[in-house]
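Whatever position you read off the sequence shown (first residue = 1), add 7 for this note's numbering.
We treat Cβ as the ideally placed atom computed from N, Cα and C, and that holds for glycine.
Presented below is the structure to which this report refers.
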Amino acid sequence: MAEYRIPSPLVEVGRPAAGGGWEVVTEVAISSERFDELGHDFERDRPVVRGTVGVADVRLFPVADAVAYAKRWPALHRPGDEELRGPAHQSRRPRP
8 MAEYRIPSPL VEVGRPAAGG GWEVVTEVAI SSERFDELGH DFERDRPVVR
58 GTVGVADVRL FPVADAVAYA KRWPALHRPG DEELRGPAHQ SRRPRP
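Rendered as structure tokens:
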């Protein structure tokens with residue numbers, strides 16, 4: 008969610024069209040790179056409750072706090088990253 012709220016690169020992608028076939032749309036290019044580092048830092052800096060639901064390990068925290076943290080994190084940890092300097096447009100052909 009944070010990637011939609013900070014300057015991020017845009018990419019053209021294909022998606023199924025309502026009448027059949029494919030249409031090209033422009034959307035925010037999302038990356039999961041370093042997501043584990045972001046999560047580690049968030050848990051270090053903010054209160055997170057760990058537990059289990061069934062057999063799954065879970066974490067409980069306010070989503071608004073996580074998004075606010077994630078919006079600030081890239082500028083501190085990837086300052087030279089071209090992706091974060093503004094909407095640099097990248098193009099990728101849609102796959103049918």
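Cβ-based neighbour list, residue i, same chain, cut-off 6 Å, excluding 5 preceding and 5 following
i          : result
residue 67 : 56
residue 58 : 65
Sequence-distant residues of its chain with Cβ nearer than 8 Å to residue i (five each side left out)
i          : result
residue 25 : none
Per-residue burial, residue i [other beta carbons within 10 Å of its own, 16 or more giving buried]
i          : result
residue 77 : buried
DSSP state of residue i mapped onto helix, strand, coil
i          : result
residue 93 : Here residue 93 scores only 40 on pLDDT, less than 50, and its place in the model should not be relied on; the value that follows carries that caveat. Correct three-state label for residue 93: coil.
residue 53 : coil
Residues of its chain near residue i, where Cβ-Cβ distance is below 7 Å and the 5 sequence neighbours each way are ignored
i          : result
residue 45 : 77, 80
C-beta contact flag for residue i and residue j at 8 Å
i           : j          : result
residue 182 : residue 33 : Residue 182 is absent from the model: the chain starts at 8 and stops at 103.
residue 73  : residue 49 : yes
For residue i, the residue or residues it bridges with in DSSP
i          : result
residue 63 : 60
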